[in-house]
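Those letters in the sequence shown? Residues 176 to 644, per our numbering, in order.
We put the beta carbon where it would ideally sit given N, CA and C, even for glycine.
Keep in mind that this is a model prediction, so the values were computed, not measured.
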Amino acid sequence: MQFRKIINITILSIIVLGVFSSCNSTVRRPISTKYPNIIVILADDLGYSDLSCFGSEHVKTPILDKLAKEGIRLTNFYAGSVVCSPSRATLLTGRNHNRVGVYSWIPADSPMHLLLKEKTIAEVLKKSGYQTSHFGKWHLGTWKKNSPEIEPSLDKYGFDYWYACANNSLPSQKDPVNFMLNGKPLGKQKGFSCQLLVNQAIKWMDDYCQLKKPFYMQLWFTEPHEIAAAPESLRKPLLLEGCTEKQADYYGCIENMDQAIGRILSKLDSMHILEETLIVFTSDNGSCFPGSNGNFKGEKGWVWEGGIRVPAIFYWKGIIAPKWDQKEPCGIVDFFPTFCDLTNNKTAKSLATDGTSLMPVIQGDYFKRSFPIYTFHHFNSMASLREGKWSLIGYLDKKNPGTSRFRKEHLEYMRTAHFGNFELYNLSEDPSQSNNLAKQFPEIMRKMENEMKRLYSETISEGPDWFKE
């Protein structure tokens, strides 16, 4: 254990933790920056309890822990879906992924993609004078199995500069071969994907970013999605603690990501813009790695809490007053209206979005949702509706006709299926969803059933038909 502690107290951690030392933990100044920088950090398949500040017994994440301590740790935060592509579509648009037609993860050679007619955060902020950049996994375009090409390219969605892979980093997070820089394939790169994308982000900040203009940046890591890989300096201490090889790669790549985030914070500090930058961190869905979702039921691919409740942190030095726990349910769907609200942009109010602005949270107040958190995924024929302390689980009366790879028959079945059974859970008393209260609270059941049915019908009917001849 002593060796483990020594290894993890790196020079980088010491430098970055110093960035926070001047923060006053009780007094926060009002927001005076009309157009703050915004950085959205998204992990890939990171479970609710995969960070030490969210209860991990194996992973040491001092950088994110400090962000959580000096910012807000959101413990009732939800992904946009149970798998990656739809969650990312919801993040960028503020709209339920079924509305925009990203029904599931996008496989190779599929016509499914984020339609260009959808308004993205990057497009909206760009019109307000923001510089926009994306670094990391994309998974919202069409792609071919053995090609790094992405269509449509990211500039069509409002990004000035981009470094991305179509799906996951291949052949693993170590020495990836499938990244592109502004449309140009880079071939094999030496290093780990989290550090490589931060290299590119820092290069962009050095060579292209104009300090007099605000920027919107996405850091969408491939960690800890399979195939996980980590430096030996991080794997070895984990192995000495008794972890398996697979655990050492999984936990180690999360720690590597944490250190990469530390490099971005150091860069912001050296540029004297840390106090002008809102940083949000979360995951695209739950994990399928054993033990990563804490005591929650289910995992990636399921609408149970383990598949959709994810860790989230909001940090803005000198602005966000520390609150260790923000209890009101919120999620990725809220990013679009929040960033519009933060920059005095009226776009979100003119669109059919499904989110609620989190400005009260940023300003140190609790907030009340305008819309419930709703999630449906075709593979397990289930939906989830979170409203206050209540969670409703609905089951369709038809079974999924095939695999998780989305095909024509899936869309046909979704458009003809109906809900046949429901379960109700009080998450404040039963976070593991083990005690079905449907019979005890018939009025709550009826209200939430009707809302789930309405949202299901509305979102599925609005989504496009990718297989229409």
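| task | Would you identify the three-state DSSP class for K359, choosing helix, strand or coil? | result | Look at K359 here: in three-state DSSP terms it is strand.
| said: So, under 8 Å CB-CB, F642 and L586 are touching, yes? Tell me the CB distance rounded to an integer number of Å. | reply: About 7 Å separates the two Cβ atoms, so the contact holds.
| query | With a Cβ-Cβ cutoff of 8 Å, do S147 and A254 count as a contact? | reply | An answer regarding residue 147 cannot be provided, because it is not within the stretch 176 to 644 covered by the chain.
| task | Label I186 either buried or exposed according to how many other C-beta atoms from any shown protein chain fall within 10 Å of its C-beta, with 16 as the threshold for buried. | result | In this prediction, I186 scores a pLDDT of 45, lower than 50, which makes its location untrustworthy; no coordinate-derived value is stated.
| field | Backbone CA spacing between L415 and K421 [nearest angstrom] | value | Cα to Cα, L415 sits roughly 13 Å from K421.
| If you count every other CB in all the chains shown that lies within 10 Å of the CB of D640, and 16 or more means buried, which is it? | Under this definition D640 is an exposed residue.
| field | Rounded Cβ spacing between L329 and W318 (contact assumed at less than 8 Å) | value | The Cβ separation is near 12 Å, so there is no contact.
| said: Please report the straight-line C-alpha distance between K359 and P399, rounded to a whole angstrom. | reply: Going by the C-alpha atoms only, they are around 25 Å apart.
| task | With a 10 Å radius around its C-beta and 16 neighbouring C-beta atoms as the bar for buried, classify D169 as buried or exposed. | result | Residue 169 falls outside the range modelled here, since the chain spans only 176 to 644, and no answer is possible.
| task | List the endpoints of the continuous alpha helix (DSSP H) containing F334. | result | Looking at the DSSP string, F334 is not in any alpha helix (DSSP H), and its letter there is neither H nor E.
| query | CA-CA distance, K628 and F594? | reply | One C-alpha to the other measures close to 7 Å.
| message | Quick test of your reading: R580 and P282, contact by CB under 8 Å. State the CB separation rounded to the nearest angstrom. | response | Contact flag correct, Cβ pair sits at about 5 Å.
| Contact set for V478: own chain, Cβ-Cβ below 8 Å, skip 5 residues either direction | Excluding residues within five positions, the ones whose Cβ falls inside 8 Å are V257, T550, F551, H552, N555, M557, A558, S559, I568.
| request: Could you name each continuous beta strand (DSSP E) segment of 3 residues or more that falls completely within the segment 360-418, going from the start of the chain to the end? | output: 390-395, all fully within the segment 360-418.
| task | Following the continuous beta strand (DSSP E) through N596, name the residue where it begins and the one where it ends. | result | In the DSSP assignment, N596 falls within the unbroken beta strand (DSSP E) covering 594-601.
| message | Less than 8 Å between C-beta atoms, sequence neighbours within five positions excluded: which residues of the same chain meet that for N374? | response | Same-chain partners within the cutoff: G366.
| If we count Cβ pairs, one from each stretch, closer than 8 Å, do we get three or more for the segment 287-297 versus the segment 506-524? | Cβ pair count under 8 Å is three or more, so yes.
| Residue(s) in a DSSP beta bridge with Q306 | The partner list for Q306 (beta bridge, DSSP) reads F390.
| Starting from Y549 and walking both ways along the beta strand (DSSP E), at which residues does that stretch end? | Counting along the chain, the beta strand (DSSP E) containing Y549 begins and ends at 548-552.
| Does the beta-carbon of S322 have 16 or more other beta-carbons within 10 angstroms, so that it is buried, or is it exposed? | That one is exposed.
| field | Contained alpha helix (DSSP H) runs [length at least 4] in the segment 563-632, N- to C-terminal order | value | Whole alpha helix (DSSP H) segments, 4+ residues: 583-589.
| Does DSSP put Y253 in a helix, in a strand, or in coil? | Under the three-state reduction of DSSP, Y253 is assigned to strand.
| task | For the segment 435-451 and the segment 217-227, state whether three or more C-beta atom pairs, one from each stretch, are separated by less than 8 Å. | result | With the cut-off at 8 Å, the segment 435-451 and the segment 217-227 do not touch.
| task | Take the Cβ of A405 as the centre, count every other Cβ of all protein chains shown within 10 Å, and call the residue buried at 16 or more, exposed below. | result | The residue is buried, with at least 16 neighbouring Cβ atoms inside 10 Å.
| request: Take every Cβ of the segment 224-232, pair it with every Cβ of the segment 453-471, and state whether three or more of those distances are shorter than 8 Å. | output: In this structure the segment 224-232 touches the segment 453-471; the number of beta carbon pairs closer than 8 Å is three or more.
| message | Please report the distance separating the alpha-carbon of L249 from that of A613. | response | Rounded to the nearest angstrom, the two C-alpha atoms are 28 Å apart.
| task | Establish whether the CB of K628 and some CB of chain C are separated by less than 8 Å. | result | This model lacks chain C altogether, as it is built from one protein chain only.
| said: Can you check which of these residues, F489, F310, H272, is closest to V508 by C-alpha distance? | reply: Ranking F489, F310, H272 by Cα distance to V508 puts H272 first.
| task | Might you give, ordered along the chain, the residues of its own chain that have their beta carbon closer than 8 Å to the beta carbon of S200, omitting 5 neighbours on each side? | result | Bear in mind that a pLDDT of 42 at S200, under 50, signals an unreliable position, so the number given afterwards is only what the model happens to contain. For S200, the CB contacts under 8 Å within the same chain, skipping 5 residues up- and downstream, are E245, P497 in chain order.
| query | What residues in its chain sit with their C-beta under 6 Å from that of Y490, if we drop five residues either side in the sequence? | reply | The beta carbon of Y490 lies closer than 6 Å to those of L242, G246, I454 in the same chain, with the five residues before and after it left out.
| query | Roughly how many angstroms lie between the CA atoms of C198 and L239, to the nearest whole one? | reply | Summary for C198: the model assigns pLDDT 44, below 50, so the residue's position carries little reliability, and this model does not support an answer.
| request: Would you kindly work out how many angstroms separate the C-alpha atoms of L394 and P617, rounded to a whole number? | output: Each residue's Cα considered, the two are about 44 Å apart.
| To which residues of the same chain is N357 closer than 7 Å at the C-beta, ignoring the five residues directly before and after it? | Excluding sequence neighbours, N357 sits near Y336, W337.
| Option in Y210, T265, N212, Y278 with minimal Cα separation from G638 | It is Y278 whose Cα lies nearest to the Cα of G638.
| said: Let's see if you can read the secondary structure: which residues bound the beta strand (DSSP E) around I454? | reply: It spans 452-458 - the beta strand (DSSP E) in which I454 sits, taken as one unbroken run.
| Continuous alpha helix (DSSP H) stretch holding I483: start and end | Looking at the DSSP string, the run of the alpha helix (DSSP H) that includes I483 is 480-483.
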